[in-house]
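As they're listed, the protein sequences go chains A and B.
Heads up, the first sequence is in the numbering used here, so the first residue is 118 and it goes up one at a time.
Heads up, the second sequence is in the numbering used here, so the first residue is 7 and it goes up one at a time.
All remarks here apply to the structure that follows.
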Amino acid sequence: MEQDINITIIDREGVSHTIEAPTDMAMNLMEVVRSYELAPEGTIGICGGMAMCASCQCYVLSDTELPEMQADEDAMLAEAFYVKENSRLGCQIQMTPAMEGLKVALAPES
Amino acid sequence: MIKTDILIIGAGPTGLFAVFEAGLLKLKCHLIDALPQPGGQCSEIYPKKPIYDIPGFPEILADDLTKNLMEQCKQFEPGFTLGERADTLEKQEDGTFIVTTNKGTKHHAPIVAIAGGLGSFEPRKPLIHNLESFEDNGVEYIIKEPEFYRGKKVVIAGGGDSALDWSIYLSDIASEVTLIHRRNEFRGALDSVDKVQELKDTGKINLITPAEVVGLVGHHELKAVVVSQAEHIDKEYEVECDHFIPLFGLSPKLGPLGNWGLEIEKNAIKVNNALDYQTNIPGVFAIGDVNTYPGKLKLILCGFHEATLMCQAAYQIINPGKRYVLKYTTVSGVDGFDGTRKEAPKAVIKKIE
């Protein structure tokens, strides 16, 4: 089994959670947030992870090298609110060993 | 007053399949949905995406699943109240319920089945400080009646299919259509993008990109929008208009359902999953993604199962003590309320000599 990685997620109330995420279950960041219930059900991952709703938008705070943004994520962020330079969609960030040390803050609900 | 046996809140896959199962038990259904079309998330969020875990369908587009469910239940003649949100639930002295929508449409039924998914879809509103003061005075989030815009100056904001499609549609009706998007790229279907390009080239659509509406101007009535454009140098200017239509998609909210006296946990309605998916209010059921119980999975296939058991319990409430045994559609066929009958072809019995 592959090693779990440590990531830090700041929830919408500003509380920081450092958690372990599995890298062998094909989970993405949005799903990790849901599995730890760091955002209320129904407020994150509404489209299920298709980059079609932006409910999992987060701000990347670490200098972790992230997977390149695909066209659908880029287009969705162009329509989302509260978007910043470091905005990404959590559903498009897969949990791999390279994500060790990742730190993000969840964007406000909209 | 609309009267029915089972009033279903939500016309997504679970609600539509409940119509079929209820019909087999000779119970009539009426559905209320905030969206203008049936299908729920399948039609609103991902109509063109494939689903791989519907039993018996190795792959089916969400749109096609909706179409199939509509076809499957049509002989049971469900009624629909679409484009209206179920707002209040009132229990009557005789134990029946009256559900009233935000537009005042009243529905009366002995059974209410909430199949509301993640809630009703509400428009996502852009962050413009004085937006709400112009609602219904020049700002609309949903286009209900295109003719309303005849001869008017319209500004549409957004970069998806609905922004593109309505810009195209209104270019023939409105006196002026301006489409504003934060990017030069659009997310819609390719032919819609091409069509907007063509209309832009012929001067029928005024395209402003990359730009954003940052303020509204007017006294009671909308006179103009303030546009911030960020090409080369940032500049801000006003675009005169009668209507501003921000189309940034819809997001589901549990909304008024939260005030119906139901037990809510994690934005979902708690139900009795040992038996019939009834809520803490007898006669009110919750099925599909909207409910929760230990081990709950938000899957369409689980919604189908829950809908089926709910209908059996509804039958018992509506027909207390009446005997009934489960029948297989293959054996007994399907008798529609519209007089149609589906049945398995009779076996051919022929002697071999």
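Yeah, the Cβ is synthetic: ideal placement off N, Cα and C, and Gly gets one too.
query, result
"Leaving out the 5 sequence neighbours to the left and right, which residues in its chain are closer than 6 angstroms to B:Val340 when beta-carbon positions are compared?", "Lys348"
"As a quick exercise: from B:Ile270, B:Asn325, B:Thr346 and B:His113, pick the residue whose alpha carbon is nearest that of B:Tyr299.", "B:Ile270"
"Please list the terminal residues of the continuous beta strand (DSSP E) segment that includes B:Lys229.", "Glu227 to Gln235"
"Taking 8 angstroms as the threshold (beta carbon to beta carbon), is A:Cys175 in contact with chain B?", "no"
"On the premise that B:Ile120 lies in contact with B:Ile275, defined as a C-beta separation below 8 angstroms, what is that separation, rounded to the nearest angstrom?", "6 angstroms"
"Shortest alpha-carbon distance to A:Glu217 belongs to which of A:Ile136, A:Ser227, A:Glu130 and A:Val132?", "A:Ile136"
"Pull up the distance between the alpha-carbon of B:Ile12 and that of B:Asp178, whole angstroms please.", "42 angstroms"
"With B:Ile51 and A:Cys173 assumed to form a contact (beta carbons below 8 angstroms), what rounded beta-carbon distance in angstroms separates them?", "Contact flag wrong, Cβ pair sits at about 14 angstroms."
"Find the nearest neighbour of B:Glu237 within the set B:Arg189, B:Ala292, B:Gly18 and B:His114, judged by alpha-carbon distance.", "B:Arg189"
"With DSSP collapsed to three states, give me the class of A:Pro214.", "helix"
"For B:Asn278, which residues of its own chain have a beta-carbon under 6 angstroms away from its beta-carbon, when the five flanking residues on both sides are left out?", "Gln284"
"Quick one: list the residues of chain A neighbouring B:Ser257, beta-carbon separation under 8 angstroms, in chain order.", "Ile163, Cys170, Ser172 and Ser227"
"CB B:Ala17 to CB B:Leu30, shorter than 8 angstroms?", "no"
"What are the complete beta strand (DSSP E) segments, minimum 3 residues, inside the region 121-194 of chain A?", "122-127, 133-138 and 174-177"
"Of all the options A:Arg129, A:Thr160 and A:Glu154, which has the alpha carbon lying nearest to the alpha carbon of B:Gly123?", "A:Thr160"
"Bridge partners of B:Ala217, per DSSP?", "B:Gln235"
"Return the first residue and the last residue of the beta strand (DSSP E) that B:Thr94 is part of.", "Ala92 to Lys97"
"For B:Thr208, count neighbouring Cβ atoms within 10 angstroms of its own Cβ and tell me buried if that reaches 16, exposed if not.", "exposed"
"If I follow the unbroken beta strand (DSSP E) through B:His311, where does it start and stop?", "Note, B:His311: premise wrong, no beta strand (DSSP E); alpha helix (DSSP H) at Ile306 to Ile324."
"Could you check where the alpha helix (DSSP H) with B:Phe23 kicks off and where it finishes?", "Pro19 to Leu30"
"Could you name the residues of chain A that B:Ile186 contacts, counting a contact when the two beta carbons are closer than 8 angstroms?", "Those do not exist, as B:Ile186 stays about 12 angstroms from chain A at its closest Cβ, beyond 8 angstroms."
"Closer than 7 angstroms by beta-carbon distance: list the chain A residues that pair up with B:Pro300, in chain order.", "The contacting residues do not exist; B:Pro300 stays about 14 angstroms from chain A at best."
"According to DSSP, simplified to helix, strand and coil, what is A:Gln209?", "helix"
"List the residues that DSSP assigns as beta-bridge partners of B:Ser198.", "B:Ser198 pairs with nothing; no bridge assigned."
"Please work out which residues of its chain come closer than 6 angstroms, Cβ to Cβ, to B:Ala350, disregarding the five sequence neighbours upstream and downstream, and give them in chain order.", "Thr336"
"In the DSSP output, what is B:Ile174 paired with across the bridge?", "DSSP, once it has assigned bridges, lists no residue as partnering B:Ile174."
"Helix, strand or coil: which one does DSSP assign to B:Cys247?", "coil"
"So the alpha helix (DSSP H) B:Lys73 belongs to, where does it begin and stop?", "Ala68 to Cys79"
"Reducing DSSP to helix, strand and coil, say where B:Asn265 ends up.", "helix"
"Opposite B:Val337 in the DSSP bridges: which residues?", "Bridge partners of B:Val337: none, in fact."
"What does a CB cutoff of less than 7 angstroms around A:Arg129 pick up in its chain, not counting 5 residues either side in sequence?", "Ala156, Leu223, Pro225 and Glu226"
"Express the C-alpha separation of B:His187 and B:Gly165 in angstroms, rounding to a whole number.", "6 angstroms"
"Please state whether DSSP places B:Phe127 in a helix, a strand or coil.", "strand"
"Determine the chain A residues that contact B:Pro132 at a beta-carbon separation under 7 angstroms, and present them in chain order.", "Phe198"
"Applying a beta-carbon distance threshold of less than 7 angstroms, which residues of chain A neighbour B:Arg189?", "Ala195"
"Mind checking whether A:Pro184 and A:Ile122 have CB atoms under 8 angstroms apart?", "no"
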